[in-house]
Structures are given as C-alpha cells and as structure tokens.
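So our numbering is basically just the index in the sequence shown, starting at one, shifted up by 90.
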Amino acid sequence: MLNWLRGPRPMTGYDISFLNDRFRGNRTYIPFSYFEGASPENDYTPSVPYRITIKSNHVTNAEPGYAKLFVPCSGADSPRPIKLRMRGDGKWFMWEQALLTDIRQPKSSDPWA
C-alpha cells in the first residue's frame, strides 16, 4: 500500500527495513492509533465505521508543489505530519511521512498502567 501511495518513487531497502523495525516487539498497534475511537486505554481499538482525520493548517501549502498535512494520533501528544508531492499530471503522492514513530503503549501492555 505504501508503494502505491508513493507513486513513481517506490520504497527503498532502507524504508522497508525501517518498517520492519517499527513493528518489531509486538508494536502492531501503531497504525490503529490513527483511527477515531482508538486510544491506549482501549488497546487502540478503533470505532466502526473506520475513520481517519487529516488536518491542514497555515503551513500546508507553504511550498509550491507540496502539501504538508497532519494526522492526529491518540498515542501521541501532537499530530503526525505527512508531506505530499504533486506530480505533473496533478496527482498527489506521499513524499514523506512520520506516521510510524513510537507512541504510548496500549494499556494491556503497559506494566505501569
């Protein structure tokens, strides 16, 4: 899916290695933290229907040909940025993302909870 979102710039070996590292140690809950209703307290179980909020702000269109958007994450204190790049035909593709950084553990995995 990420290769499709990246369009004409497929993932490198480094990108794939980074993804593998992000999910090592049973951290498969990270992607679920972006869905509405998910929280550390409910072990990142999203509400149905599944929804993700994407926000813009004053820096979204600061750079021509690029758009910086923000995705709220229930396991972090601030939204995570994604940067899109527009191809010559007007289609947008993912250029950069910081979606898979560490977040708070689910309550069931937190020994201090």
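Every residue, glycine too, gets a C-beta built ideally from N, C-alpha and C.
Collapsed DSSP secondary structure at residue 185 in the structure displayed: Assignment of residue 185 by DSSP, reduced to helix, strand and coil, places it in the strand class.
So, does the region 127-136 touch the region 166-179, judging by three or more C-beta pairs under 8 Å? No, they do not touch.
Can you check which of these residues, 92, 118, 105 and 143, is closest to residue 193 by C-alpha distance? Nearest C-alpha to residue 193: 118.
Using a 10 Å radius around the Cβ and a threshold of 16 neighbouring Cβ atoms, would you call residue 123 buried or exposed? Answer is buried; the Cβ neighbour count reaches 16.
Grouping DSSP H, G and I as helix and E and B as strand, with all else coil, what is residue 130? Residue state, collapsed to three classes: helix.
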